[in-house]
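I have placed the structure first, in the form of structure tokens, so that the comments after it can refer back to it.
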Amino acid sequence: MPEMPPMGAAVNLGRMAEFDGKTVLITGGGSGIGLATARQLVDAGANVVLAGRRVEKIDAAAKELDPTGDRVLAVGTDVSREDELDELATRVRGRFGRLDGVFANAGMASYNPISPRADVSDAEFDRYVGVNFKGAFFAIQKTLPLFDKGGSVVLNSTCLAHRGMGLTMGLATMYGSTKAAVTSLARLLASDLASQGVRVNSVSPGFIRTEMFDELAPTDEARDVCSQLVPAGRLGTPEEVAEAVTFLLSDRARYITGQDLGVDGGLVASQPMNPPVQM
Ligand SMILES: NC(=O)c1ccc[n+]([C@@H]2O[C@H](COP(=O)([O-])OP(=O)(O)OC[C@H]3O[C@@H](n4cnc5c(N)ncnc54)[C@H](OP(=O)(O)O)[C@@H]3O)[C@@H](O)[C@H]2O)c1
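Residues 114 to 392 (our numbering) are what the sequence shown spells out, left to right.
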């Protein structure tokens, strides 16, 4: 008979140890949804690798998550650069030997919903595709050899991959299109990698209060307008997206692959965002 905990003691239902001995890479792990996911994974026992361009940001996050430095590794990485992804994979192998999960979360969005521009430049197009789509593709390609016992990959897409915002054709449209490629990539990889025991899914967040969101909607008024578009009546939190990602990374989702999970308070399921967002 297993020993029963004393009456009134907190009972660990297994969640805390769910990731014991597992290692997960998070791109864009120094802030927002990536950092919230890292916190939940470390709490659940995982080793975590944080990758991002701002080294001071991921270093500070790593120190906060694990002051001993044993379980969290920060690696300065620009996901749009193949050589840096090679270096990232080498550093992960050197430190932890292998991987059980990847959250391909790094992404960029710089559209201005207040005065949308239609004049997307060639350079902007390449940059969006390079970070959001190519960055996710090669982050997974370079780290797949580290999955020696199967595992789980989650990609971060967006509600804008599934519906328009009624804005002028421009950066928002391009952003959503690069993320639609991410959603599609998750579905195709799910089929490609099933025989290796690797599951692949995506999440599609709605309006989530992060650094990125605050740059797109920088005033209380703008954020209120966004909240009113959400059937749930409020913006989401990074922790709420992290819950979905952590679930998909875990063995609780062992029979789920090739799916996109909206974490958007009902945004995509509701009326089209039309008339256009007036900030
Ligand atoms: N917030 C929302 O409402 C929302 C909605 C839908 C989807 N998303 C998606 O969620 C993901 C995370 O965004 P967030 O909302 O959590 O905002 P965030 O806090 O600004 O996070 C974005 C992260 O991506 C990293 N990043 C950007 N470009 C990179 C590059 N070239 N190489 C490596 N890392 C890079 C950033 O770190 P560095 O700058 O240090 O590189 C940052 O940590 C993004 O893919 C975003 O598109 C967000």
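Positions of the beta carbon are idealized from the N, C-alpha and C atoms, including for glycine.
Model, not experiment: these values are computed from the prediction.
Same chain only: Cβ atoms within 6 Å of residue i, ignoring 5 sequence neighbours per side
i	result
Arg-166	Asp-191
Phe-260	Leu-212 and Val-311
Gly-214	Val-137, Gly-264, Ser-265 and Leu-362
Ala-285	Tyr-224 and Met-278
Ala-130	Gly-158
N- and C-terminal bounds of the alpha helix (DSSP H) containing residue i
i	result
Val-354	351-362
Ala-382	Counting along the chain, Ala-382 falls outside any alpha helix (DSSP H), and DSSP gives it neither H nor E.
Ile-146	145-156
Ile-139	Counting along the chain, Ile-139 falls outside any alpha helix (DSSP H), though it belongs to the beta strand (DSSP E) covering 136-140.
Leu-298	284-306
Nonlocal neighbours in the same chain, by C-beta distance under 7 Å from residue i, ignoring five residues either side
i	result
Gly-379	Val-343, Pro-344 and Ala-345
Glu-324	Ser-144 and Gly-145
Residues of its chain near residue i, where Cβ-Cβ distance is below 8 Å and the 5 sequence neighbours each way are ignored
i	result
Thr-350	Ala-149, Ile-321 and Arg-322
Gly-314	Looking at the sequence provided, one finds Asn at residue 314 rather than Gly. For Asn-314, where only same-chain residues beyond five positions count, the Cβ hits under 8 Å are Ser-265, Val-266, Val-267, Leu-268, Ala-299, Ala-303, Leu-361, Ala-366, Ile-369, Thr-370, Gly-371, Gln-372, Asp-373 and Leu-374.
Host beta strand (DSSP E) of residue i (start-end)
i	result
Gly-189	185-189
Phe-216	214-217
Ser-315	311-318
Ala-164	160-165
Cβ-heavy atom distance, residue i to ligand 3, below 7 Å
i	result
Lys-176	Looking at this structure, you won't find ligand 3 anywhere; what it does contain is ligand 1.
Helix, strand or coil at residue i [DSSP, three-state]
i	result
Leu-268	strand
Asn-225	coil
Asp-172	helix
Within-8 Å CB hit, residue i to chain C
i	result
Phe-132	Absent from the structure: chain C. Only one protein chain is present.
Beta-carbon spacing of residue i, residue j below 8 Å
i	j	result
Lys-247	Leu-198	no
Asp-172	Val-155	no
Tyr-241	Thr-281	no
Val-188	Arg-204	yes
Gly-220	Gly-141	yes
Ile-139	Ala-164	yes
His-275	Ser-234	no
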